[in-house]
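Chemist: Sharing a structure below in structure tokens format, with a few things to ask.
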Amino acid sequence: PLRREPERLIAVSYNPENLKHQSEIGYFAGAPVQLVLARARDVEAALGSVYGLTAVKPLPDTQVAAQYLHLRFDDTTPQLEVARLRRRPSTLRHRFSGTLPRRFEEIELLERISVGGMAEIYRGIDHCDPEPREVAVKMLLPGHDREPRFLEMFRDEARIAAHLRHRNICDVYRSGVLDTQPYLVMEFIDGLDLRSLLEVYALEHDERIALAIHIVVEVADALAYAHELRDDSGQPLQLIHRDVSPPNILIDRHGAVKLIDFGIAKVLGNLARTQAGMLKGKLGYMSPEQIACTPLDHRSDQFSLAIVLWELLTGQPLFRGSTDIETLERQTSMRIPDARQYLPTIPRDLLTIVERALERHVDGRFANCAAFSDALRVHLPDEGHAERMRRLGLWVASNLRVDS
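If you're matching positions, the sequence shown starts at 1044 in my numbering and goes up one per residue.
Below is the structure:
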């Protein structure tokens, strides 16, 4: 949810013979390219308002020279060329809900990038520091500020975030209230969530295993840190995320893995405040004890993360059924399939680690996420953390898509 629309590669031709179809998706240097059939002046007119294009001088129809778009056409033989196009923050179209101002306090809002059941997230510029920085601004949806349970969840996230400082957890810089609407100013993640990457999953077997382990080790380290967190008085917070799932794992174009959204996280002492019988988490990723609404501990997050690992290794959903009820039944009773039917090269001892973390009884799992991470780390290749980040970043960059 905190991703920025990627750099857009556009190839433009005004000659119909250059393209087989009106609009195609191709690849250039490993990145997606949208092929557009149009006259050059039509391209400038269509994209100018969105991307802030300003022609340097009047030019013939067969040429465009703009600050952020450069396409060249030979007058006699039209050439199909690739232009790199980046959105300019100051000229983006703004999509806001209600009467939300485009600027408040030191925040300049640029565009809404996602909306969920409780909150909406905007990309913006924070002018609080001498050097402006790109941020994500999470705001409670209008009307929810009158709902006590939504206010409580939002405030809990702000309180919890004040304690969280880890390289694999999205930073929350500060919180505030605009009129009656609470908001969080957060680190902006320039990349994709894991759900988006799973939808376009295509890696060689060895590469898939290495990157799957790397991603899960990074998230497990973040969870181990959160689970051991203490408050200002030194007392353990005993924090449980409760929503570890692909949409809440982001990877930026440099390969940094970030766990996000502590919106439904709870400290153990406050779990009793959760409404009885109310499921908290995503279908397909909740632990059996979450589904049963029985007391939780940090090993619930471990189970959810193990589901993510199984799906990264196989490229298949583990528990998803044709209905919500079937999904819940599978999570509580289905025998875990042998992942090697989808990826035969998974080492047996790695599979044993995954299956242990997927034990339905909490006592059968690893004692904590640190132990889970340590067990997985043995299976990482010797190339080093920086090299794994580089390759992961290349994978993310190659799968970025322009939103339709």
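Backbone N, C-alpha and C define an ideal beta-carbon position, used for all residues, glycine too.
1) Just tell me which of 1432, 1159, 1151, 1285 has its CA closest to the CA of residue 1300.
2) With burial defined as no fewer than 16 other Cβ atoms inside 10 Å of the residue's Cβ, what is the status of residue 1384: buried or exposed?
3) In three-state terms, what does DSSP make of residue 1268?
4) Tell me the DSSP bridge mates of residue 1181?
5) Quick check: the region 1257-1272 against the region 1283-1298, are there 3 or more CB pairs under 8 Å?
6) Return the CA-CA distance between residue 1241 and residue 1350, expressed in angstroms with no decimal places.
7) CB-CB under 8 Å to residue 1370, same chain, minus the five flanking residues each way: which ones, in chain order?
8) Just to confirm, is the Cβ distance from residue 1211 to residue 1262 under 8 Å?
9) Taking Cβ to Cβ, would you say residue 1382 is nearer than 8 Å to residue 1353?
10) Taking 8 Å as the cut-off, decide whether the C-beta atoms of residue 1197 and residue 1183 are in contact.
11) Let me know the alpha helix (DSSP H) ranges lying completely inside the region 1320-1356, each 4 residues or longer, listed in chain order.
12) Can you tell me whether residue 1273 is helix, strand or coil according to DSSP?
13) Once the 5 residues before and after residue 1436 are set aside, which same chain residues still bring their CB inside 6 Å of it?
14) From the DSSP output, which residues share a beta bridge with residue 1416?
15) The alpha helix (DSSP H) spanning residue 1431 covers which residue range?
16) Which same chain residues end up closer than 8 Å to residue 1168 when comparing Cβ atoms and leaving out the 5 residues on each side of it in sequence?
17) Out of 1200, 1294, 1214, 1251, point me to the one whose CA is closest to residue 1358's CA.
18) According to DSSP, is residue 1287 helix, strand or coil?
19) Roughly how many angstroms separate the alpha carbons of residue 1372 and residue 1303, rounded to a whole number?
20) Answer yes or no: do residue 1389 and residue 1356 have a C-beta to C-beta separation smaller than 8 Å?
21) Can you name, in chain order, every residue of its own chain whose Cβ lies under 6 Å from the Cβ of residue 1288, other than the five neighbours on each side?
22) Go through its chain and collect everything with a Cβ distance to residue 1274's Cβ below 8 Å, but skip five positions before and after it.
23) For residue 1421, which of helix, strand or coil comes out of DSSP?
24) Using 8 Å for Cβ pairs, my map puts residue 1293 next to residue 1379. What's the rounded Cβ distance?
25) Express the C-alpha separation of residue 1155 and residue 1165 in angstroms, rounding to a whole number.
26) Can you check whether the CB of residue 1185 is closer than 8 Å to the CB of residue 1224?
27) Tell me the DSSP secondary structure of residue 1236 in three-state form.
28) Helix or strand or just coil, what does DSSP make of residue 1389?
29) Using the Cα positions of residue 1441 and residue 1340, report the straight-line distance between them to the nearest angstrom.
30) Just to confirm the assignment, what range does the beta strand (DSSP E) spanning residue 1153 have?
31) Quick check on residue 1191: does DSSP put it in helix, strand or coil?
32) Going by DSSP, name the residue or residues bridged to residue 1453.
33) With 16 as the cutoff for other CB atoms within 10 Å, does residue 1257 come out buried or exposed?
34) Can you check whether the CB of residue 1421 is closer than 8 Å to the CB of residue 1235?
35) Using the three-state DSSP reduction, which class does residue 1407 fall into: helix, strand or coil?
36) Taking Cβ to Cβ, would you say residue 1227 is nearer than 8 Å to residue 1195?
Modeler: To lay it out plainly:
1) 1432
2) exposed
3) helix
4) 1164, 1227
5) yes
6) 13 Å
7) 1326, 1327, 1362, 1363, 1364
8) yes
9) yes
10) yes
11) 1331-1334
12) strand
13) 1296, 1297, 1298
14) According to DSSP, residue 1416 bridges with nothing at all.
15) 1428-1442
16) 1132, 1150, 1151, 1153, 1175, 1176, 1177, 1178
17) 1251
18) coil
19) 27 Å
20) yes
21) 1325, 1328
22) 1206, 1280
23) coil
24) Going by Cβ atoms, the distance from residue 1293 to residue 1379 rounds to 27 Å, so no, they are not a contact pair.
25) 4 Å
26) yes
27) strand
28) coil
29) 38 Å
30) 1150-1158
31) helix
32) This structure does not reach residue 1453, given that the chain is present from 1044 up to 1447, and the question cannot be answered.
33) buried
34) no
35) helix
36) no
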